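*Asks:*
2 protein chains.
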Amino acid sequence: MSTTIATFIKERRKQLKLTQPELAERAGVGLRFVRELEQGKQTVQLDKVNQVLALFGSELGVIPKSES
Amino acid sequence: MSTTIATFIKERRKQLKLTQPELAERAGVGLRFVRELEQGKQTVQLDKVNQVLALFGSELGVIPKSES
DNA sequence: TCATTTTATACCCTTAAGGGTACAAATGTA
DNA sequence: TACATTTGTACCCTTAAGGGTATAAAATGA
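Taken in order, these protein sequences are the chains called A and B.
The first sequence begins at 184 in this note's numbering and counts up one residue at a time.
The second sequence begins at 184 in this note's numbering and counts up one residue at a time.
Following this line, the structure appears as structure tokens:
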């Protein structure tokens, strides 16, 4: 399967040598949210995820469903 | 810019000749949610959106950010 | 090894997302 | 045109998402 949102964010964050508190700060979201997001929580809000992804020049979009 | 999530869902729904109540039913989400989603509401929950997209063999994923 | 930094888990609190529903507006059709 | 269907907006209510924070667990590194 392709990279999950959680994995993507965690990896990009580490590439930029940022801690979770730093990422939360820059994205304008709470620390707890960043942590839940990287832990793969599914019941998160779309716009909050986009706030984080924007730091990486990315966003959420519709893609073909990847099985399993 | 590329197709928004709202537009994508609305168009695919019509292609399948479904009404909003029918889509909500099949996706297992509330009617109000489907309506807000198609109206472009940003503060929606990720997993609910995926429940709807799954009907079209799609899901939310990370994509390069489209400007404007 | 041990100290420091970072991350994960757990708690309380406030707010709003989403379900249900009613009705108005818009769209489609005979 | 008038009628039927569908969609958009507005309301109430319940629940949980997310902010803040404290602390335990894990990771890092000297």
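Using N, Cα and C, we set each Cβ at its ideal position, and we do this for glycine too.
Fair warning: this is a prediction, and the values are worked out from it, not measured in the lab.
1. Could you check how far apart the C-beta atoms of Thr186 (chain B) and Gly223 (chain B) are, in whole angstroms? I think they sit under 8 Å.
2. Please check if any C-beta of chain B sits within less than 7 Å of the C-beta of Phe216 (chain A).
3. What does Gly211 (chain B) reach in chain A if we use C-beta pairs closer than 9 Å?
4. Say whether chain A places a C-beta atom closer than 7 Å to the C-beta of Thr190 (chain B).
5. Specify whether the stretch 189-209 of chain B and the stretch 189-199 of chain A touch according to this definition: at least 3 beta carbon pairs, one from each stretch, less than 8 Å apart.
6. Around the Cβ of Ser249 (chain B), are there at least 16 other Cβ atoms within 10 angstroms (buried) or fewer (exposed)?
7. Tell me, please, which residues DSSP counts as bridged to Glu221 (chain B).
8. Using 8 Å as the Cβ pair cut-off and three pairs as the minimum, do the stretch 228-235 of chain B and the stretch 234-242 of chain A touch?
*Replies:* Reading off the structure:
1. That pair is no contact at about 12 Å.
2. It does not: the Cβ of Phe216 (chain A) has no partner Cβ on chain B nearer than 7 Å.
3. In chain order: nothing, as chain A lies at least about 14 Å away.
4. no
5. no
6. Exposed is the call here.
7. Glu221 (chain B) is not bridged to any residue.
8. no
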